[in-house]
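Read the structure below first, then the notes.
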Amino acid sequence: MNRQAKKYLFDIVQTIERIEDIFKTTENFESYQQNFLLRMATERLLGIVGEAVTKYDKIPDVPALSFTPQIIGFRNIIVHDYAKVVDSVVWEIVHFHLPVLKSEASALLE
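Written as structure tokens, this is what we have:
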């Protein structure tokens, strides 16, 4: 795998770890929903994950990552149509989809 692909995979893993760190003190969806700064930080970091996945996906002959179209689509919503971001969708992404993506990206880096 080329260096650029590894860089994007590293960015994906590192950014997901940052999201995990900020969620360590978030007990439930309601506390997430009531914390404006947490929501904004999470959305920003998801945008970074989406951008890294977008760039990784454009590299020829790299293994595919799960949820690539959905991640890219959500990144586009965050960046271009932010009023449509739904807190419950962000919560679901963080708790159910990011662990899978992190696992895949980490495995590809090994």
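Per the working numbering, the sequence shown starts with residue 1405, numbered consecutively. Note that the Cβ used here is the ideal one computed from N, Cα and C, for glycine as well.
C-alpha gap between residue 1446 and residue 1452, whole angstroms = Here residue 1446 refers to the residue found at position 42 when the sequence shown is read from its first residue. Here residue 1452 refers to the residue found at position 48 when the sequence shown is read from its first residue. If you take the alpha carbons of residue 1446 and residue 1452, they lie about 10 Å apart.
What did DSSP end up calling residue 1471 once you bin it into helix, strand or coil?
-> By 1-based counting over the sequence shown, the position of residue 1471 is 67. Coil at residue 1471, not helix or strand.
Nearest-angstrom Cα distance between residue 1407 and residue 1502?
-> On the sequence shown, position 3 is the one that residue 1407 refers to. On the sequence shown, position 98 is the one that residue 1502 refers to. Distance between the alpha carbons of residue 1407 and residue 1502 is about 23 Å.
When the Cα atoms are used, what is the spatial distance from residue 1457 to residue 1417?
-> In the sequence shown, the residue the question calls residue 1457 occupies position 53. In the sequence shown, the residue the question calls residue 1417 occupies position 13. Approximately 11 Å, taken between the alpha carbons.
Contact under 7 Å by Cβ, residue 1436 with residue 1429 | Here residue 1436 refers to the residue found at position 32 when the sequence shown is read from its first residue. Here residue 1429 refers to the residue found at position 25 when the sequence shown is read from its first residue. No, Cβ-Cβ distance for residue 1436 and residue 1429 is not below 7 Å.
Let me know the secondary structure DSSP gives residue 1405 once reduced to three states.
-> Against the sequence shown, residue 1405 aligns to sequence position 1. Residue state, collapsed to three classes: coil.
Tell me where the alpha helix (DSSP H) around residue 1504 begins and ends.
-> Within the sequence shown, residue 1504 is the residue found at index 100, counting from 1. Counting along the chain, the alpha helix (DSSP H) containing residue 1504 begins and ends at 1502-1513.
Give the straight-line distance between the Cα atoms of residue 1464 and residue 1498, rounded to the nearest whole angstrom.
-> Here residue 1464 refers to the residue found at position 60 when the sequence shown is read from its first residue. Here residue 1498 refers to the residue found at position 94 when the sequence shown is read from its first residue. Between residue 1464 and residue 1498, the C-alpha separation is close to 28 Å.
Fully enclosed by the segment 1410-1463, which alpha helix (DSSP H) runs are 4 residues long or longer?
-> 1433-1438, 1440-1461
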